[in-house]
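Enquirer: Got a structure for you, written out below as structure tokens; questions coming shortly.
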Amino acid sequence: MNPAGVLWRLSAAELAAAYAAGTADPVAALESCLGRLDAVNGALNAVVTLDADGARAAAAQSRARWQRGAPLSGLDGVPITVKDNLFVRGLRATWGSRLYSDHVAEEDDLPVARLRAVGAIIIGKTNTPELSLAGFTTNDVFGSTANPWDTRLSPGGSSGGAVAAVAGGIAPIAIATDAGGSTRRPASHAGCVGLKASVGRIARGAGFPALTSDLQTIGVIARTAGDVQAVMAIIAPAIAPPIAPAPPQDAAAPQVIGAFCDLPGWPLDGEVRRSYQQAIRRLESLGHRVREIPAPYDPDEVNRLFGTLAAAGVARTVRRFPDWRGRVTAPIAAMAETGLGLAATDYLDALDAVHAMRRSLMGVFEGLDLLLTPTAAALPWPREDAFPATIDGQAASPRASAVFTTFVNLAGFAAISVPAAPSASGLPIGIQLIGGAGSEERLIGLADALDRQSPWEKLAPL
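Under the UniProt record's numbering, the sequence shown has 406 at position 406, and the numbering climbs by one with no breaks.
Next up, the structure:
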């Protein structure tokens, strides 16, 4: 039998193999993960609402299915976490805000329901900043989340709790969201694989109101690309018209990849640049052709449009609460006031500009299969700071570390952050692979090929 004490270290695929072989079972795996949570969550503050009783009941049912030789799926009995801006039936969903601190979900968000239906075991909810609108993870309900690689540092945001749970060994898989890089940048800072699905690929169903039109999509975070694919097979069934998938292509087949890392006026950490350049050489050694291209977007325009949509969405959300001004943080209050000052025509103009940008960016793949960038422009920074004060010796603005991710959301593309060469001090650094709508499987396949070529560290040395 696999010693229960080490089962928390296994991937979802490894757990399923152990269940099938009879060397482990879901009850033992869950207890191992709960033991790991007890050991590290005090330092990380990754899981903020725990459902140990519900998880134990689900694990017992899963064990019985495996013993009968009738598991519901390869994820049956695999522990997972869910970001606290998604609904899990019977659990609190606070969205990191005092406005919702007592809110209990009456139903599952659709991806959660689909995973529950195939036997995945929901341990609990992971921390997120207020309304999931920050690049670091802290809030007035639960406090701040630490990076498992160095608890003095931030895991980024808004899926900081999700990546801390995965990299910290609490669960091999986390379900999250991504409106401007919220899955990918934290994955980069914590050494995880983080997938942002393309617009329309994963239906959501129930849940909190959308703050940024259709920019936010469901994200999947794991230690391996294979585990990400296993989740996608459940929560993103085969695409049917009117959204067509990218043409089927073997991920091992040579790809033509357009790469860029320089954005005029925006700094890039030197160690991130070196890791990105090494990733290019790794891709070329796998037979892919990488060519430098100019950035196909203006970060200032991207930030302006994102800010307008977010401000309008926040205003719409908070005005449901008459006393909201005394119950939200200063940044959210300022965003809400901006949104309340917008005219309907301002919002519609922003939507028109987003759609125009989306149409324009579709042309970026002419002659290219994928794009490559750094995932984040900076290394992890002190956990109580909202953003890095400097990048490469230059003063940094609040969105400076996020310049490579938000345009993907406006475009509606799919993207994945993959661990690359770490910094000299061992901090994780990620690269971002970007594909058109429906390209998730191609991206996951290439991420898996990179891991097989040069395996990355799967767990933080916590």
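Note that beta-carbon positions come from the ideal geometry of N, C-alpha and C, so glycine has one too.
Values in this document were obtained by computation on a predicted structure and should not be read as measured data.
1. Using a Cβ-Cβ cutoff of less than 6 Å, which residues in the same chain neighbour Pro-461 once the five nearest sequence positions on both sides are dropped?
2. When DSSP builds the beta bridges, which residues end up paired with Pro-372?
3. Hey, how far is the Cα of Val-62 from the Cα of Glu-284?
4. Put Ile-173 into one of helix, strand or coil per three-state DSSP.
5. Taking the beta strand (DSSP E) that Glu-441 falls in, what are its first and last residues?
6. When we look at the beta-carbon of Leu-348 and count the other beta-carbons within 10 Å, is it buried (16 or more) or exposed?
7. Suppose you measure from the CA of Phe-208 to the CA of Leu-286; what does that come to, to the nearest Å?
8. In the DSSP output, which residue or residues are listed as bridge partners for Val-418?
9. Would you kindly work out how many angstroms separate the C-alpha atoms of Ile-218 and Ala-64, rounded to a whole number?
10. CB Phe-142 to CB Ser-154, shorter than 7 Å?
11. Spell out the partners DSSP gives Val-354 in its beta bridges.
12. In whole angstroms, what separates the C-alpha of residue 464 from that of Arg-56?
13. For Trp-266, write down the residues that DSSP places opposite it in a beta bridge.
14. Could you pull out every residue in the same chain whose Cβ sits closer than 7 Å to the Cβ of Asp-346, ignoring the five residues on either side in sequence?
15. Buried or exposed, going by whether 16 or more other CB atoms sit within 10 Å of the CB of Ser-425?
16. Could you pull out every residue in the same chain whose Cβ sits closer than 7 Å to the Cβ of Ala-353, ignoring the five residues on either side in sequence?
17. Is Leu-427 near Pro-380, with beta carbons less than 7 Å apart?
18. For Trp-8, which residues in the same chain have their Cβ closer than 6 Å to its Cβ, ignoring the five residues on either side in sequence?
19. Glu-271 to Phe-260, Cα distance in whole Å?
20. Give the single residue among Arg-204, Ala-334, Phe-404 and Leu-340 whose Cα lies nearest to the Cα of Pro-294.
21. Expressed to the nearest angstrom, what Euclidean distance is found between the alpha-carbon atoms of Ala-17 and Ser-11?
22. Please list the segments of the alpha helix (DSSP H) lying wholly inside the region 88–165, counting only runs of 4 or more residues, in order along the chain.
23. Would Thr-373 pass as a contact of Gln-432 if the rule is Cβ separation under 7 Å?
24. Can you tell me whether Ala-395 is helix, strand or coil according to DSSP?
25. Please report the residue range of the beta strand (DSSP E) in which Val-364 lies.
26. Span of the beta strand (DSSP E) holding Ala-222?
27. What is the DSSP secondary structure of Pro-79, counted as helix, strand or coil?
28. Using three-state DSSP, classify Val-403 as helix, strand or coil.
Expert: To lay it out plainly:
1. Walking along the sequence shown from the start, residue 461 turns up at place 461. Excluding sequence neighbours, Pro-461 sits near nothing in its chain.
2. Here residue 372 refers to the residue found at position 372 of the sequence shown. Looking at the sequence shown, residue 372 is not Pro but Leu. Paired residues: Ala-259 and Leu-433.
3. Locating residue 62 in the sequence shown gives position 62, counting from the first residue. Locating residue 284 in the sequence shown gives position 284, counting from the first residue. Checking the displayed sequence, the identity of residue 62 turns out to be Ser instead of Val. Using only the alpha carbons, I get a separation of about 43 Å.
4. By 1-based counting over the sequence shown, the position of residue 173 is 173. Three-state result, Ile-173: strand.
5. Position 441 of the sequence shown holds residue 441. Looking at the DSSP string, Glu-441 is not in any beta strand (DSSP E); the run it does join, the alpha helix (DSSP H), is 440–453.
6. Here residue 348 corresponds to residue number 348 of the sequence shown, with the count starting at 1. With fewer than 16 other Cβ atoms within 10 Å, it is exposed.
7. As a position in the sequence shown, residue 208 is number 208, starting the count at 1. As a position in the sequence shown, residue 286 is number 286, starting the count at 1. Their backbone Cα atoms lie some 42 Å apart in a straight line.
8. The residue labelled residue 418 in the question sits at position 418 within the sequence shown. Answer is Ile-431, bridged to Val-418.
9. For the purposes of this step, residue 218 is taken as the residue at position 218 of the sequence shown. For the purposes of this step, residue 64 is taken as the residue at position 64 of the sequence shown. When rounded, the distance between both Cα atoms is 31 Å.
10. Position 142 of the sequence shown holds residue 142. Position 154 of the sequence shown holds residue 154. Not in contact: Phe-142 and Ser-154 (Cβ atoms no closer than 7 Å).
11. The count along the sequence shown starts at 1 and reaches residue 354 at position 354. Val-354 pairs with nothing; no bridge assigned.
12. Look at the range of the chain in this structure, 1 to 462, and you will see that residue 464 is not part of it.
13. To locate residue 266, count along the sequence shown from 1; it is residue 266. Its beta-bridge partners are Leu-263.
14. Counting from one through the sequence shown, the residue named residue 346 turns up at place 346. Cβ within range, chain order: Thr-308.
15. The residue given as residue 425 occupies position 425 in the sequence shown. Ser-425 should be labelled exposed.
16. Taking the first residue of the sequence shown as position 1, residue 353 is located at position 353. Closer than 7 Å at the Cβ level, and outside the excluded window around Ala-353, lie Leu-305.
17. Residue numbering aside, residue 427 sits at position 427 when the sequence shown is read from its first letter. Residue numbering aside, residue 380 sits at position 380 when the sequence shown is read from its first letter. Remark: C-beta atoms of Leu-427 and Pro-380 approach each other more closely than 7 Å.
18. By one-based count along the sequence shown, residue 8 stands at place 8. Listed in chain order, the non-local C-beta contacts of Trp-8 below 6 Å within the same chain comprise Ser-32, Cys-33, Arg-36 and Gly-169, local neighbours out to five positions each way being set aside.
19. Position 271 of the sequence shown, counted from the first residue, corresponds to residue 271. Position 260 of the sequence shown, counted from the first residue, corresponds to residue 260. Approximately 16 Å between the Cα atoms of the pair.
20. Translated into positions along the sequence shown, residue 294 becomes position 294. Here the closest residue by C-alpha is Phe-404.
21. On the sequence shown, residue 17 is found 17 positions in, with the first residue counted as 1. On the sequence shown, residue 11 is found 11 positions in, with the first residue counted as 1. C-alpha separation (whole angstroms): 10 Å.
22. 110–117
23. Start at 1 with the first residue of the sequence shown, and residue 373 comes out as number 373. Start at 1 with the first residue of the sequence shown, and residue 432 comes out as number 432. Cβ distance < 7 Å, so Thr-373 and Gln-432 count as in contact.
24. The residue you call residue 395 lines up with position 395 of the sequence shown. If DSSP states are grouped into helix, strand and coil, Ala-395 belongs with the strands.
25. Position 364 of the sequence shown, counted from the first residue, corresponds to residue 364. It is not in any beta strand (DSSP E) - Val-364 carries neither H nor E in the DSSP assignment.
26. Translated into positions along the sequence shown, residue 222 becomes position 222. Residues 217–222.
27. As a first step, residue 79 is located in the sequence shown; it is residue number 79 there, counting from the start. Looking at Pro-79 - three-state DSSP - the assignment turns out to be strand.
28. In the sequence shown, counting from the first residue as 1, residue 403 sits at position 403. Coil at Val-403, not helix or strand.
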